[in-house]
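Position one of the sequence shown corresponds to residue 2 (the numbering used here), numbered consecutively onward.
These notes concern the structure reproduced below.
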Amino acid sequence: MTANSELFDRWVRGPFVAMNTELENLYFMQRDRLRVIGVGDTIKGSLRDEGQVYVVALLREGNTGDGFENGFNVLGNVGMYLAALRRHELTNPAREERSPFAEASSLALHVGASLGMAPRFATSHLATHNKAIAGVRKSFTSLPDEFLFVDENTRGILGFQRAAAALTGIVHLGVSSPVADVLFEPASQALRDVLASNARLYTQLDVERFFYSVRPYYKPYRVGRQEYRGANAGDFSGINELDLLLGLCRASDTYYAQLLVDKMLFMLPSDQARLRECMTYRSLLDELLELAENHAHTGWFQQNGRAFLEVCDLFGQTAAQHHDQLVRRFIATPAAALAEEALQDITASGPPLPVLLRSLEVLRDMRTGAKRADINTRHADLARLRGLINRAD
Ligand code: HEM
2 MTANSELFDR WVRGPFVAMN TELENLYFMQ RDRLRVIGVG DTIKGSLRDE GQVYVVALLR
62 EGNTGDGFEN GFNVLGNVGM YLAALRRHEL TNPAREERSP FAEASSLALH VGASLGMAPR
122 FATSHLATHN KAIAGVRKSF TSLPDEFLFV DENTRGILGF QRAAAALTGI VHLGVSSPVA
182 DVLFEPASQA LRDVLASNAR LYTQLDVERF FYSVRPYYKP YRVGRQEYRG ANAGDFSGIN
242 ELDLLLGLCR ASDTYYAQLL VDKMLFMLPS DQARLRECMT YRSLLDELLE LAENHAHTGW
302 FQQNGRAFLE VCDLFGQTAA QHHDQLVRRF IATPAAALAE EALQDITASG PPLPVLLRSL
362 EVLRDMRTGA KRADINTRHA DLARLRGLIN RAD
């Protein structure tokens with residue numbers, strides 16, 4: 002890190018967290034917890050002005066060439082600063098045509114473009130690449146519910162990544178390999194770990210604290226003229242690698258391919274490369290179905306087909322859990338209790354909530370291989386494979 006980026010990082014890990022936490026406690030103690038404008042103005046002014054000093058120093062330095070890690074860290078810090086300004090209503094894309102924070106926008110655009118990422122903080126800044134210093138990871142506030150959310154998100158992401166890495170290994174061995182079990186088993190175990198961390202979030206995260214004090218930092222905001230959607234726990238390639246490797250979603254499906262294109266710049270460059278490579282593989286489901294014709298009766302087909310279906314089932318369970326439990330409990334239900342005008346900006350990506358919920362439902366149904374006439378799912382192919390495995394038992 003350069004001296005300027007080090008100083009900014011220290012501020013983000015210290016006074017920035019303290020000011021955000023103080024503001025959250027002020028908002029939360031009100032009868033109307035959504036009221037932000039006109040509350041804690043002195044603290045907001047300090048947050049804005051103190052951060053601006055570091056941003057201007059970094060912009061003057063103009064140094065994005067000090068290695069990936071430094072640039073990535075600066076992008077995360079300036080992104081978190083802008084996200085906090087958005088959260089505290091010091092900027093709002095709905096009432097502006099460009100960000101009022103010109104220097105922070107320039108810095109974010111410069112560093113983002115040089116890294117090949119969107120010019121805002123990404124999930125990886127708070128999850129897989131959130132470096133802890135003496136046991137403390139980066140966060141917006143020091144509220145226990147934010148730590149719980151960030152930690153369990155990270156555990157979930159790491160689980161999906163482990164599962165994806167294991168299945169990628171099978172691509173290289175071929176699904177008929179006698180040693181595929183060595184990779185199917187850790188894939189299943191990693192998905193069981195995701196189910197467990199999601200379950201902890203479901204039972205331990207406080208609905209009100211999450212909804213009113215954590216989620217608002219993930220809203221869309223403008224950088225320069227353009228509005229960028231918020232980060233969400235899904236901005237990593239592992240989940241899509243699993244979709245494609247299992248064959249539950251296809252990169253040739255317009256709906257799904259569009260989604261991949263849209264999220265590309267919100268991912269780390271290394272994730273972008275992994276995802277691109279994954280798009281060139283044939284899925285394990287397609288490989289198994291092709292082999293089924295002549296080999297369904299063999300021991301290896303039965304064993305590996307069963308292991309494949311187990312991974313699919315577990316993956317489907319994580320998708321159903323995300324939608325039917327996490328999204329419903331922490332977003333849909335509290336949002337339903339709000340008045341129409343308060344519903345704006347509820348989601349990280351910006352579309353109205355019913356539209357967002359429908360798109361998440363589509364993903365759930367693809368991943369569970371549900372029977373749907375209106376979208377392409379692998380329901381029939383999975384049923385065929387299940388039939389073959391059962392019949393030979
Ligand atoms: C309190 C817990 C959570 C809530 C309320 C939640 C809610 C949401 C919402 C609303 C979206 C749509 C993003 C948008 O607003 O545009 C989303 C996307 C996503 N989330 Fe979560 N989420 C939670 C935790 C997690 C966890 C732990 C994971 C696991 C890594 C995860 C994985 C994803 C993925 C992969 C997407 C992208 C869409 C997809 O491919 O399914 N989420 N989430």
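Think of the CB as a built atom: it goes at the ideal place given N, C-alpha and C, for glycine as much as any other residue.
- In the DSSP annotation of this structure, residue 34 is not part of any alpha helix (DSSP H), being labelled neither H nor E.
- By the CB criterion at 8 Å, residue 142 and residue 51 fall outside the cutoff.
- For residue 96, the three-state secondary structure derived from DSSP is coil.
- DSSP lists 229 as the beta-bridge partner residues of residue 222.
- Rounded to the nearest whole angstrom, the C-alpha separation of residue 118 and residue 369 is 31 Å.
- Annotated three-state conformation of residue 137 is strand, per DSSP.
- The alpha-carbon of residue 310 is positioned some 11 Å away from that of residue 382.
- For residue 78, the enclosing alpha helix (DSSP H) covers residues 69–88.
- Approximately 18 Å separates the beta-carbon atoms of residue 139 and residue 89; this is outside 8 Å, ruling out the contact.
- Looking at the backbone, the Cα of residue 190 and that of residue 312 are separated by about 9 Å.
- The C-alpha of residue 302 lies about 21 Å from the C-alpha of residue 243.
- Excluding its 5 nearest sequence neighbours in each direction, residue 307 has C-beta neighbours in its own chain below 7 Å: 390, listed in chain order.
- In the DSSP annotation of this structure, residue 378 is not part of any alpha helix (DSSP H), being labelled neither H nor E.
- If you ignore the 5 residues before and after residue 267, its C-beta comes within less than 6 Å of the C-beta of 119, 123, 236, all in its own chain and listed in chain order.
- Residue side-chain check: residue 240 places its Cβ nearer than 7 Å to a non-hydrogen atom of the ligand HEM.
- Excluding the 5 residues flanking it on each side, residue 128 has same chain C-beta neighbours closer than 6 Å at 154, 155, 158, in chain order.
- The beta-carbon distance between residue 67 and residue 3, rounded to whole angstroms, is 6 Å. This is short enough to meet the 8 Å contact definition.
- Annotation for residue 153 indicates a beta carbon within 7 Å of some heavy atom of the ligand HEM.
- Here residue 170 has 184 as same chain residues with Cβ atoms under 6 Å from its own Cβ, once five neighbours each way along the sequence are excluded.
- CA-to-CA, the gap between residue 374 and residue 239 works out to about 28 Å.
- C-alpha of residue 59 to C-alpha of residue 329: approximately 41 Å in a straight line.
- When only Cα atoms are considered, residue 79 and residue 121 end up about 8 Å apart.
- Counting only residues of its own chain and dropping the five nearest sequence neighbours on each side, residue 284 has a CB closer than 7 Å to the CB of 245, 246, 247, 248.
- The region 94–112 makes contact with the region 218–225, as at least three CB pairs between them are under 8 Å.
- Pairing residue 193 with residue 315 gives a Cβ-Cβ distance under 8 Å.
- Non-local C-beta neighbours of residue 144 in its own chain, meaning closer than 8 Å and more than five positions away in sequence, comprise 22, 25, 210, 214, 215, ordered along the chain.
- The Cβ-Cβ distance between residue 335 and residue 150 does not fall below 8 Å.
- For residue 360, the enclosing alpha helix (DSSP H) begins and ends at 354–368.
- Per DSSP, reduced to three states, the secondary structure at residue 20 is helical.
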